[in-house]
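Numbering (the numbering used here), first residue to last: 2 to 128.
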């Protein structure tokens with residue numbers, strides 16, 4: 002399967018949508034941290050053949066932890082992973098409360114990338 006990677010523009014659109022829906026301060030805090038988060042899944046893919054869910058978890062984790070934006074990093078991270086899975090043939094089915102809980106657990110250090118990949122797989126179906 003050819004992976005459709007997230008781009009800076011798609012993540013910015015996800016960020017804008019997140020701010021529109023939930024408010025918050027707009028703006029990029031650190032371009033390098035954004036690029037780092039976008040490159041993490043590609044590096045993982047270059048090293049081995051991870052599952053799509055491992056790649057989505059890597060993306061979500063990187064965006065949530067790097068804090069590239071002034072505000073809305075966790076929401077943007079979840080939305081980016083949702084989009085990434087969707088364009089790669091998987092539908093993530095999670096309500097807002099579940100999504101908020103898993104992302105808060107990531108931020109608190111209670112969920113590993115492997116845990117997150119398993120959660121994403123359990124919550125997804127093929128399109």
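Glycine included, each C-beta is placed from N, C-alpha and C at the ideal position.
Values in this document were obtained by computation on a predicted structure and should not be read as measured data.
Q. Can you tell me whether DSSP reads residue 128 as helix, strand or coil?
A. Residue state, collapsed to three classes: coil.
Q) Ends of the alpha helix (DSSP H) at residue 32? A) Counting along the chain, the alpha helix (DSSP H) containing residue 32 begins and ends at 32–48.
Q. What are the residues that DSSP puts in a beta bridge with residue 20?
A. Beta-bridge pairing links residue 20 to no other residue.
Q: Would you kindly work out how many angstroms separate the C-alpha atoms of residue 64 and residue 39, rounded to a whole number?
A: The C-alpha of residue 64 lies about 8 Å from the C-alpha of residue 39.
Q. How many angstroms separate the CA atom of residue 61 from the CA atom of residue 30?
A. 18 Å
Q) If you count every other CB in all the chains shown that lies within 10 Å of the CB of residue 23, and 16 or more means buried, which is it? A) exposed
**Q.** Span separating the alpha-carbon of residue 15 from that of residue 118
**A.** Roughly 20 Å between the two C-alpha positions.
Q) Can you tell me whether residue 7 is buried or exposed, with buried defined as 16 or more other CB within 10 angstroms of its CB? A) buried
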